[in-house]
Each structure stands twice: as structure tokens, then as C-alpha cells.
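Which chain is which? The protein sequence lines are A and B, in order. When the letters of the first sequence are read in order and numbered with this note's numbering, they come out as residues 7 to 423. When the letters of the second sequence are read in order and numbered with this note's numbering, they come out as residues 9 to 157. Quick reminder that beta carbons are idealized off the backbone N, C-alpha and C, glycines included.
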Amino acid sequence: MKYLILGASVAGINAAKTLRKLDKDGSITIISIDDKVYSRCMLHLYIGKKRSIDRLSFVEEYFFEKNNINWIKGRRATKIEPEKKRVVLDDGSFHEYDKLLIATGSSAVVPPVENLREGKNVFTLRNLEDAIAIDKLADGSERAVIIGGGLIGIDVAVELMDRGLKVDIVEMGPNILPMQLDKRSANVYERELKKRGAGIFTNVLAQKGVLDSNGNIVEVVLKDGTSLSADMVIVAAGVRANADFIEGTNIKFDRGIVVNERCETDEEDIYAAGDVCANKPGIWPLAVEEGITAAYNMAGLEEKIENSFGFKNSMSFYGIPTISIGNPNIDDEDYQIDIYDDGKVYKKVVHKDGIIYGAIFQRDISYAGVFTKIIAEKIPIDTIDKNIFKIGYGDFFNINSKGEFEFTKREYGLKII
Amino acid sequence: MRRIMIDRYKCEACLGCVLGCMVEHNKKGKSIYDLDLEDMANESRNHVEVDYENRPAPIICRHCEDPECVTTCMSGAMTKNEETGLVEYDKDKCASCFMCVMSCPYGVLKADRINNEVIMKCDMCSNREVPRCVEFCPTRALYMVEVAR
């Protein structure tokens, strides 16, 4: 069997690893633009000089040799020819496959703001090359403007400030990290950032960049007229799937490649996994899950995505950890909001009729994983008669004969005695 | 693989397992007499919960066959050892992103309480024949079993 994988990031690597586990003799080839394996979630740590390039890797040493995987680096697919079962690369060469996995991820998008796409000192943070370029320019820079106050934006802001830059953050939402946090929990981070000199501009969009004669943006003007001077601009405002090469195939595309729960596309023997796929948050655990699921099906074993809940994020800035699950910002009086707040530790649980829809845990995140499970699977808690913040796995405790934990089945409105 | 079995109905919530775990992971020595409970650095990797009917339940890492903490780890710090079956944690690789804490469905994991940096992860007491939590359990609520994988 000839397996071909496009992309050497989290989904592709996990697929390759799983394929080798399931098929000892099959030929596995990975083709990627990346010439190193690295965790995109750790790129900001390179900017902050906290990790070297080697320490950004998430695989063991000699991963490719140990697993007998052929890796073609520095190449990009330009076309898929399903009828010939082959992929054409940017150097004109082609590679045949029996089973093909598309795991090419996504690219950062620069919004159509005047001069933003033209500015030479404008960066996104998606690839190692981006991190290296930001690191280089940061050396001679004093001021950075970050457009987009989401997780990546704040990650970069923290590291650039750590290197002594004055940073301004522009976010169109009512607070930074609006997808994950509410006002109360976001304020904690905003305060920490401001304390260290950051400017935070919320509820506002960038209107234009002002270019100097060298083509660098020296000023970012916001819609409300505020002008921020800049030596560099970082844009962290969304992504788009890397799938130009599927043109001409029957693979369905809707802001990402459409797959079923077995990670199959509409084209036979072609699978997709990770951020290149449609209709879901691009988070690490989902990409792993999809890579593994795709591999099982490519190897001829039926496997479905078990856990496709993607609305969960954890973060830690300045030693303050937060976990956000589901939608903690539901604005509907039918929902009950329970809050624990002692001025430091902050916990919020949003629920309705015994089902939890969203939660935030800040500063004390211990054992919070139980809530991820309860929220993802809508496990009813209406019969658990205790403080909602004290709910734990103990309330669902069940151990099987192999010593594995399972969740006691709780029927809605039915008390277990 | 070897697993720590839990009979919750024998648990009296004496916290012997919690003490045992702290003793084993105490950097200042592995005897109960070396353990300073006022030293915040002494933390256990297990805990005992009380459920909605005040029944205790020891919560100890299962070293799952399909571990969520490994699936979710973006630094390669959390790995499943296919030979021993153990889920191993390498604190030097860890980037303290806490996705494992967020993802363990059994709420086993937490970060250390001093620096919020290192994950408190059961290592089955590495080379020990009987893990310390099992050894410290006076009611045999905890015992070792060999399970097929």
C-alpha cells in the first residue's frame, strides 16, 4: 500500500505515526513545505527567545527513520489528479498514491486594510519562517502594533514586550480574547499587559497603515482616528485553508475541505485532516484526532471521529492560567450563570435545565477537564446535589474490570441511588 | 500493563494515598519523616473527591489506553510508552499550555501550586514495585492488578 500525506504538521505527523502502527510494510511518504517539524502553538516562544528551533519539535528524535517514513521537504502540491491517483508538485514531479491524506493546514489572512498587505514590516505568525522574521526585526524595533487580540495576538504581544518593545493591541471585540473569555476574566490579562506598558484598543478596527518611502508601515490609523506609531505590525486576524491544489477535483470545499466523520473527502481514496478541514475550530487536539482517524480509514479499518468538540482553549499569561470551555458568553436570561469570584480565583458556569453550555476557570484550573467532558457531551448535572464548582469525576465515578475510568450513565432527571 | 485498581467502597478518605504520593515525590527524601507538610512544594499527583452523597472516591491516573492528555499535548511532553503502557510526562519539554489539564475527562491533572508550570502527573513511582499510594492505603481500597491491553 502506498500512502501519501501532504503536510508535516500535527495532523500529517499523527496520521503517519498511526499508519506505521497499523501497517508495518506499507510505503509512507510525507510531502511538505516545512523542512522541520515544529509545534505552531509554540512559535511565540521562539520570538521570546525561550525556545530554540530544536525545542519547538513535538516528535521524538529520528521520528522519520524510526517509523520508516519518506519525507520530501520544501515542496508544495500544485495539483491532484484523482483519475491517475497522483499528486503534482511545484517542481513538476509527481507522486502516485493508493491513499492520499491532505493535511496542509491553513494560512494566516491579512484583512483588506489599506496598505496592510503592502507593508514590508507586516507579519503574521503561522510558520517558523514568520517567527524567524519577527525575531529578526524585533531586534531593531521599538514599537509594535498587533492587529487582533486573540490567542496568537496576545502570545506575540507578551513575547515582544518581554523583549522590550512597546506594544499596542487592536481588537474589534469588546475585550481581548473575546472568543474565549468574558469581560471579567479578560480584564485580568488586560491589566497585566497595561501594567507592562501595553496599549489596548478594543471595539475598534484598523483603518489604514501609513507607509514610509521604504514601504514600511510607520503608523497604524484606527477607525476612531487613533494613530499608533509602529516599527512592525503583526496581524493575527484569522486563517484560510491551504487547499488551492484541489481545483479540478470533486473534493467539496466550503471555507475548508468538507469531510465525513471518517475524514473522507468526496473523492475516492482522498482524506483530509486538521486545519484544512471545514466547519470547526482549528485546535491542536482536533487535528491529532482527525489525523489518527484518517489513518485508520486509510489502512482499511473503519474508525469515526469520537470527539469533535472544539470549543475549548487553555492559556497562561504572566503565570495566570485560564481554561475556557463551550460558550461562556451566552447572553440569554433563560440561562443560569453561576459565578465564584474571590478577587483572584474566578470561575463561571453557564447552564440551563441541568446542561452546562459554557465555563471559565481562571487561576484555579485544577481538575477542570471534567467540565470539558460534561460540556462536550451534554452530560446532565441536574441531579448532582452540590455546589456546581465542586462537581468532579467523583460524581460520575465508575471503574471497569480493566481499571479504566468510565462515566456513570446519568439519565436526565433521574437520580442514581 | 500494571494498573492501580480502586475499590471506592473501601475508601475511608484517610488521604493515606495522598500522603504516600507526596512522600515519594519529595525532593528532600523518601521517608515519611522527611515530609514537611508546610512546604508548598510537596504536592500529590492523586486526590480524593467526595461525591454528592459524601462518598469518597480516590482519583488516580489510569494511564489510559487512549489518553486524552497525550492527544492534546502540543509539545511532545506527554507520551504513551507502548512498551510499559505508562503515560509519561517530561517536564523539560512541557510548555505549560495546560491543554492536558483541560482535556483529561476524569479531572486527574493540575498544575503545580507554586509556579503554575509543571503538571502533577502520576509516574507510577517509576521503578518501585508497589506505588507509594497503594502501599500507604490501609483499607486495601487501592491494589495492583495486571491488565491485558
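query: What whole-angstrom Cβ distance do Asn-20/A and Gly-297/A have, given they're in contact under 8 Å?
result: Translated into the one-based positions of the first sequence, residue 20/A becomes position 14. Translated into the one-based positions of the first sequence, residue 297/A becomes position 291. The pair is a contact, with the Cβ atoms about 3 Å apart (cut-off 8 Å).
- prompt: Where Phe-251/A and Ser-38/A are concerned, what is the direct C-alpha to C-alpha distance, given to the nearest angstrom?
  reply: On the first sequence, residue 251/A is found 245 positions in, with the first residue counted as 1. On the first sequence, residue 38/A is found 32 positions in, with the first residue counted as 1. Each residue's alpha carbon lies about 13 Å from the other.
query: Ends of the alpha helix (DSSP H) at Val-16/A?
result: Mapped onto the first sequence, residue 16/A falls at position 10. Note, Val-16/A: alpha helix (DSSP H), 16-28.
message: Using a Cβ-Cβ distance cut-off of 9 Å, determine whether Thr-79/B contacts chain A.
response: Taking the first residue of the second sequence as 1, we reach residue 79/B at position 71. So, interface residue.
- prompt: So with Cβ pairs under 9 Å, would you call Asn-50/B a contact of chain A?
  reply: Along the second sequence, read from residue 1 onward, the residue named residue 50/B stands at position 42. Answer no: the Cβ-Cβ gap between Asn-50/B and chain A never drops below 9 Å.
CB contact below 9 Å: Ala-119/B versus chain A: Along the second sequence, read from residue 1 onward, the residue named residue 119/B stands at position 111. Output row for Ala-119/B: interface = yes.
field: Selection of the region 394-414 of chain A by Cβ proximity to chain B, strictly under 7 Å
entry: Gly-398, Tyr-399, Gly-400, Asp-401, Phe-403, Ile-405, Lys-408, Gly-409, Glu-410 and Phe-411
message: Quick check: Ile-223/A and Asp-174/A, are their CB atoms within less than 9 Å of each other?
response: By 1-based counting over the first sequence, the position of residue 223/A is 217. By 1-based counting over the first sequence, the position of residue 174/A is 168. Contact flag unset, no.
- prompt: Under 9 Å between C-beta atoms, does Tyr-41/B make it to chain A?
  reply: Against the second sequence, residue 41/B aligns to sequence position 33. No, no contact with chain A.
- prompt: Going by other Cβ atoms of all chains shown within 10 Å of its Cβ, with 16 needed for buried, is Ala-156/B buried or exposed?
  reply: What you label residue 156/B is simply residue 148 of the second sequence in a count that begins at 1. Burial call: exposed.
- prompt: CB Val-109/B to CB Ser-320/A, shorter than 9 Å?
  reply: Looking up residue 109/B in the second sequence gives position 101. Looking up residue 320/A in the first sequence gives position 314. A contact, by the Cβ cut-off of 9 Å.
query: Under 9 Å, do Cys-159/B and Ile-40/B count as touching if we go by C-beta distance?
result: Chain B is shown from 9 up to 157; residue 159/B falls before or after that span and cannot be answered.
field: N- and C-terminal bounds of the alpha helix (DSSP H) containing Ala-163/A
entry: Start at 1 with the first residue of the first sequence, and residue 163/A comes out as number 157. From DSSP, the alpha helix (DSSP H) with Ala-163/A extends over 157-168.
message: Let me confirm a value: Gly-1/A is counted as buried when at least 16 other C-beta atoms fall within 10 Å, else exposed. Which label applies?
response: A question about residue 1/A goes unanswered here, because the residues of chain A that appear run from 7 up to 423.
message: What does the alpha-carbon distance come out to for the pair Gly-306/A and Tyr-277/A?
response: Sequence index remark: in the first sequence, residue 306/A carries index 300 (1-based). Sequence index remark: in the first sequence, residue 277/A carries index 271 (1-based). Answer to the nearest angstrom: the Cα atoms are 12 Å apart.
- prompt: Quick one: what's got a C-beta closer than 7 Å to Asp-42/B's C-beta in the same chain, skipping five residues either side?
  reply: Here residue 42/B corresponds to residue number 34 of the second sequence, with the count starting at 1. Excluding positions up to five away in sequence, the list reads Asn-34 and Lys-36.
query: Hey, is Ala-85/B close to the ligand HEM, as in C-beta under 8 Å from one of its heavy atoms?
result: Of the ligands one can find in the structure shown there are none, so the ligand HEM has no counterpart to examine.
- prompt: For the beta strand (DSSP E) that contains Arg-11/B, what are its first and last residues?
  reply: In the second sequence, counting from the first residue as 1, residue 11/B sits at position 3. Segment 10-14, the beta strand (DSSP E) holding Arg-11/B.
- request: Determine whether the Cβ of Thr-92/B lies closer than 9 Å to any Cβ atom of chain A.
  value: As a first step, residue 92/B must be located in the second sequence, where it is residue number 84. No - not a single Cβ of chain A is within 9 Å of the one on Thr-92/B.
field: Exposure of Asn-266/A, with buried meaning 16 or more beta-carbon neighbours within 10 Å
entry: Translated into positions along the first sequence, residue 266/A becomes position 260. Exposed, since its Cβ has fewer than 16 Cβ neighbours within 10 Å.
query: Where does Ala-144/A fall in DSSP's three states?
result: In the first sequence, the residue the question calls residue 144/A occupies position 138. DSSP places Ala-144/A in helix when its eight states are reduced to three.
message: Quick check for students: name the residue ranges of the beta strand (DSSP E) that lie wholly in the region 76-126 of chain B, counting only runs of 3 or more.
response: Listed in chain order, the complete beta strand (DSSP E) runs (minimum 3 residues) inside the region 76-126 of chain B are 86-88 and 95-97.
- prompt: Of all the options Asp-344/A, Ala-374/A and Val-351/A, which has the alpha carbon lying nearest to the alpha carbon of Ile-394/A?
  reply: Here the question's residue 394/A lines up with position 388 in the first sequence. Out of Asp-344/A, Ala-374/A and Val-351/A, Asp-344/A has the C-alpha closest to the C-alpha of Ile-394/A.
- request: State yes or no: is the C-beta of Val-78/B within less than 9 Å of the C-beta of Thr-87/B?
  value: Within the second sequence, numbered from 1, the residue matching residue 78/B stands at position 70. Within the second sequence, numbered from 1, the residue matching residue 87/B stands at position 79. Cβ atoms of Val-78/B and Thr-87/B: closer than 9 Å.
message: Using 9 Å as the threshold, is the C-beta distance between Val-226/A and Ala-204/A below it?
response: For the purposes of this step, residue 226/A is taken as the residue at position 220 of the first sequence. For the purposes of this step, residue 204/A is taken as the residue at position 198 of the first sequence. In this structure, Ala-204/A does not lie closer than 9 Å to Val-226/A by Cβ.
- prompt: Got a sec: which bits of the region 382-394 of chain A sit with their beta carbon under 7 Å from any beta carbon on chain B, in order along the chain?
  reply: Of all residues in the region 382-394 of chain A, Ile-390, Asp-391 and Lys-392 have a Cβ within less than 7 Å of some Cβ in chain B.
message: Considering only the alpha carbon of each residue, which of Val-176/A, Asp-230/A and Ala-192/A lies closest to Thr-208/A?
response: Here the question's residue 208/A lines up with position 202 in the first sequence. Closest option to Thr-208/A, Cα to Cα, is Val-176/A.
- prompt: If we count the other Cβ atoms within 10 Å of its Cβ and call it buried at 16 or more, is Ile-59/A buried or exposed?
  reply: By one-based count along the first sequence, residue 59/A stands at place 53. Flag for Ile-59/A reads exposed.
- prompt: How would you list, in chain order, the residues of chain B whose beta-carbon sits under 7 Å from the beta-carbon of Cys-47/A?
  reply: Residue 47/A sits at position 41 when you count from the first residue of the first sequence. What Cys-47/A touches in chain B: Met-82 and Cys-105.
task: Report the residue from Ala-247/A, Tyr-9/A, Met-48/A and Gly-215/A whose alpha carbon sits nearest the alpha carbon of Leu-122/A.
output: Position 116 of the first sequence, counting from 1, holds the residue named residue 122/A. Answer by Cα proximity: Gly-215/A.
task: Using a Cβ cut-off of 8 Å, pull out every chain B residue sitting near Thr-378/A, in sequence order please.
output: For this step, residue 378/A is matched to residue 372 along the first sequence. Residues of chain B passing the Cβ test: Met-110, Ser-111 and Pro-113.
query: Going by the beta-carbon positions, is the gap between Ile-329/A and Thr-378/A smaller than 9 Å?
result: Residue numbering aside, residue 329/A sits at position 323 when the first sequence is read from its first letter. Residue numbering aside, residue 378/A sits at position 372 when the first sequence is read from its first letter. Contact flag set, yes.
query: How about Met-13/B: is its C-beta nearer than 9 Å to some C-beta of chain A?
result: The count along the second sequence starts at 1 and reaches residue 13/B at position 5. Yes, Met-13/B counts as interfacial toward chain A.
message: Between which two residues does the alpha helix (DSSP H) holding Lys-38/B run?
response: Along the second sequence, read from residue 1 onward, the residue named residue 38/B stands at position 30. Run containing Lys-38/B: none; DSSP gives neither H nor E here.
- prompt: Any idea if Lys-499/A is buried or exposed, counting beta-carbon neighbours within 10 angstroms, 16 or more meaning buried?
  reply: The structure shown does not extend to residue 499/A, since chain A is modelled only from 7 to 423, so the question has no answer here.
- request: Taking only runs that begin and end inside the region 59-117 of chain A, name each unbroken alpha helix (DSSP H) of 4 or more residues, in chain order.
  value: 69-72
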